[in-house]
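Asker:
Number of protein chains: 2
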Amino acid sequence: MNERELIECIVHLAPAGTDDNLLLAMGDDCAVVRKDNGHVLLYSTDALVEKVHFDLAWHPPFLLGRKAVSVNVSDVAAMGGQPRYLLFSLGLPGNFDDQWACELCKGVVSACDEYGCTLIGGDTVASPGGVSMGLTVIGEMKERQVLYRSGAREGDMVLVSGPLGSAAAGLALCGHGYAGDSQFAELCRAHLDPCARVDLGQSLAASGLVHAMMDLSDGLGTDLGHICRASGLGALLFQDQLPAHPCLQRAAQLLKVDPVPWMTGGGEDYELLVVAPGDATKKLQERVAGLGHVLYPVGRMTAGKGIRLAPSEHAELSSAIAVEFSGYDHFNPE
Amino acid sequence: MNERELIECIVHLAPAGTDDNLLLAMGDDCAVVRKDNGHVLLYSTDALVEKVHFDLAWHPPFLLGRKAVSVNVSDVAAMGGQPRYLLFSLGLPGNFDDQWACELCKGVVSACDEYGCTLIGGDTVASPGGVSMGLTVIGEMKERQVLYRSGAREGDMVLVSGPLGSAAAGLALCGHGYAGDSQFAELCRAHLDPCARVDLGQSLAASGLVHAMMDLSDGLGTDLGHICRASGLGALLFQDQLPAHPCLQRAAQLLKVDPVPWMTGGGEDYELLVVAPGDATKKLQERVAGLGHVLYPVGRMTAGKGIRLAPSEHAELSSAIAVEFSGYDHFNPE
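Chains as they are written, first to last, in the working numbering: chain A, 65 to 398; chain B, 65 to 398.
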């Protein structure tokens, strides 16, 4: 059984229920529950495990605490909501270092402050297998503004809110001992201390111009695949439009790898993946420029199934290659 | 640093905030957030780790899934609320057994159904160190009915909703190979498949007669210590009034141990610990009898600090011994 099958097993077991206030349970970045006439609450939970999600060899505890919150809060940003409260569980091995643990907790509180949410509870447990963290974020927003994965329409533009593959490159650089190399500081930062796009998500939701949205946690191909399946569509990506950090190519050369898989399949960028009609693109770009954000068009929603990668928007369609993005399977990693 | 010091570090770091809707953050069974004019939402999170909280050698997966939910839902019962939604994270080692994992998930859904709450989300992760679970329950209740730990008054009676030490005895029995022994089936059940007192908690909260309440998760001494500190009082317990399962004495004889520490210090009974005025006791007992529940008076709130254990209510006070309950420290277990 792989991770997807396990999740399907759980989803299948859970009864549909007759709760009119439960607008969406599983299958999107957050569960959506009606709070009152006009507002909803958003809920999302994340578990992070040492050696699977992070490596203590190069991850400073303050930044690790911040990242754990950003990863979780990003799910609220992905619906267009405001994170309000956070619950934080911390599992530590018996021999943990006091100062290390305090730095981690300071990182958690620091990120909460930054996103405007309050730490309201948690749990501490012994974790013989290594450091582990569990986070649950509670967000809020207007019901009519919630952006789901399922709203994309044929012909819509696919946009991303920042360079792709930076976090994957940063992870590779840290793993090869370049965590302290100043020329790659921004790529390493993308891996060590990513930013959840909370203000951007809210602005896009409030615009009324976006059809579907999610965050880039598992990589462009995998995440766009979720939007395609939820919307019953396919997508065509244009390789020459994929935005990259100026240092990405240099990092790839240094590590002797092809940078394109970082951009199409690398996870943890936590940028927003936005689907909107073509004639709304310019308005959206102008709207978010005021917040210091950029939206890069990278492709188009198409009829059919699956995602294809073409060299450019104007290339022959026959030159597009079908790309199979299965996503990261926790139980069958490469 | 011990577990209490780590929690104090986190509590100290979290800013007080200026959120009028946050009625209580840390320090009780649940965080309490105002939902609307009259209702609050309750939030609690629990992390459960293999070898620390459960042993797969004798814990069937279906019952383990049920127990994880009961442990978490019990925090909502402890405030008097109704559990509505649950988020469930599951960490599994790479070589997990499909059927085992499905049984666990069936247990989670079974307990959710029983408590009237809906599984609305979760996460699945690889967990090289063993099985781990993270749960977050979302409850709801009337704001004016919420029962905190801090409302106890001097002279109030201390009551418990069921036999004490059954789960501790059950754990010891399972650990000694008696998990399948029919004469101890109920004690083992108390450890393997405890019940959160949701209906009882709601009835007590609605009565308007209870001053303070929490659930018995860490043992009578430790948990009553929380009420004492939160209320600025001490307590006197009467040993001859502590209710025990009829088989507890026999289990203690078999394992050659004193059963009293199970009753005063054994955790995981998940009965409710209730503090109410003496003249309300009979009314409360009659009220909950209709639900099939019993409330046993076990002691009294007193001025001063600390908890003392007297042989009986009418014994000389000088015969009471001061009992030091430190609670289970995950990072410094005995």
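All C-beta atoms, glycine included, are put in the ideal place defined by N, C-alpha and C.
(1) Roughly how many angstroms separate the alpha carbons of Gly193 of chain A and Pro157 of chain A, rounded to a whole number?
(2) Quick one: which unbroken beta strand (DSSP E) runs of 3-plus residues sit fully inside the segment 195-271 of chain A? Chain order, please.
(3) Which residue comes first and which comes last in the alpha helix (DSSP H) that contains Lys347 of chain B?
(4) Check the Cβ of Glu67 of chain A against every Cβ in chain B and list those closer than 8 Å, keeping chain order.
(5) Using a Cβ-Cβ distance cut-off of 9 Å, determine whether Ser134 of chain B contacts chain A.
(6) What does the Cβ neighbour count give for Arg208 of chain A, buried or exposed, with the cut at 16 atoms within 10 Å?
(7) Can at least three beta-carbon pairs, one atom from the segment 141-154 of chain B and one from the segment 256-264 of chain B, be found at a separation below 8 Å?
(8) Let's test the definition: count the other Cβ atoms within 10 Å of the Cβ of Lys369 of chain A and tell me whether it reaches 16, buried, or not, exposed.
(9) If we define contact as Cβ-Cβ less than 9 Å, is Gly203 of chain A a contact residue for chain B?
(10) Only counting runs of 4 or more residues, tell me where the alpha helix (DSSP H) segments fall wholly within the segment 101-164 of chain B, in order along the chain.
(11) Please go through the same chain and pick out, in chain order, the residues whose beta-carbon is closer than 6 Å to the beta-carbon of Leu381 of chain A, but skip the five residues on each side of it.
(12) What would DSSP say about Glu398 of chain B, mapped onto helix, strand or coil?
(13) Once the 5 residues before and after Trp122 of chain B are set aside, which same chain residues still bring their CB inside 6 Å of it?
(14) Residues of chain B with a CB under 8 Å from the CB of Asp119 of chain A: which are they?
(15) Considering Cα atoms alone, identify which of B:Cys169, B:Asp110 and B:Arg68 is closest to Val201 of chain B.
(16) Thinking C-beta only, is Leu300 of chain B closer than 9 Å to Arg372 of chain B?
(17) In chain A, which residues lie less than 9 Å from Pro192 of chain B when you measure between Cβ atoms?
(18) Spatial neighbours of Thr24 of chain B within its chain, please: C-beta separation below 6 Å, excluding the five flanking residues on both sides.
(19) For Met90 of chain B, name the three-state secondary structure that DSSP assigns.
(20) For Leu319 of chain B versus Met278 of chain B, is the C-beta spacing smaller than 9 Å?
(21) If you compare alpha carbons, which of B:Leu211, B:Leu77, B:Asp304 and B:Asp287 is closest to Glu377 of chain B?
(22) Helix, strand or coil for Tyr179 of chain A? Go by DSSP, reduced to three states.
(23) Pull up the distance between the alpha-carbon of Val224 of chain B and that of Ala340 of chain B, whole angstroms please.
(24) Which residues does DSSP pair with Arg372 of chain B in a beta bridge?
(25) Look at the alpha carbon of Phe126 of chain B and the alpha carbon of Leu256 of chain B, and state the distance between them as a whole number of angstroms.
(26) When the Cα atoms are used, what is the spatial distance from Pro323 of chain B to Gly272 of chain B?
(27) Give the DSSP-derived three-state secondary structure of Thr188 of chain B in the structure shown.
(28) Indicate whether the contact test is met: 3 or more Cβ pairs, each with one atom in the segment 98-114 of chain B and one in the segment 309-316 of chain B, closer than 8 Å.
(29) Pairs of beta-carbons, one from the segment 162-178 of chain B and one from the segment 72-90 of chain B, closer than 8 Å: are there three or more?
(30) At a cut of 8 Å, does the segment 151-165 of chain A reach the segment 183-198 of chain A through at least three beta carbon pairs?
(31) Going along the chain, which residues of its own chain have a beta-carbon closer than 7 Å to the beta-carbon of Glu218 of chain A, five neighbours each way excluded?
(32) Let me know the secondary structure DSSP gives Met327 of chain B once reduced to three states.
(33) Taking Leu336 of chain B as part of the beta strand (DSSP E), name the residues at either end of that continuous run.
(34) Are the beta-carbon atoms belonging to Ala294 of chain B and Asp93 of chain B less than 9 Å from one another?
(35) Could you check whether Leu268 of chain B and Arg213 of chain B sit closer than 9 Å to each other, using their CB atoms as the reference points?
(36) Please classify Thr286 of chain A: does DSSP put it in a helix, a strand, or coil?
Answerer: Checking against the coordinates, here is how it stands:
(1) 7 Å
(2) 196-206 and 221-224
(3) Thr345 to Ala353
(4) Thr188
(5) no
(6) exposed
(7) yes
(8) exposed
(9) no
(10) 125-141
(11) none
(12) Confidence at Glu398 of chain B is low in this model, with a pLDDT of 49, below 50, so the placement of that residue should be treated as unreliable; the coordinate-derived value is given next. Three-state result, Glu398 of chain B: coil.
(13) Cys238 and Ala243
(14) Within 8 Å Cβ-Cβ: nothing; Asp119 of chain A doesn't reach chain B, min ~13 Å.
(15) B:Asp110
(16) yes
(17) Val113, Glu114, Lys115, Val116, Gly193 and Gly194
(18) In the structure as shown, chain B starts at 65 and stops at 398, and residue 24 of chain B therefore has no counterpart that could be examined.
(19) coil
(20) no
(21) B:Asp304
(22) helix
(23) 11 Å
(24) B:Leu300 and B:Ala386
(25) 10 Å
(26) 35 Å
(27) strand
(28) no
(29) no
(30) yes
(31) Leu297, Met365, Thr366 and Ala367
(32) helix
(33) Leu336 to Ala340
(34) no
(35) no
(36) helix
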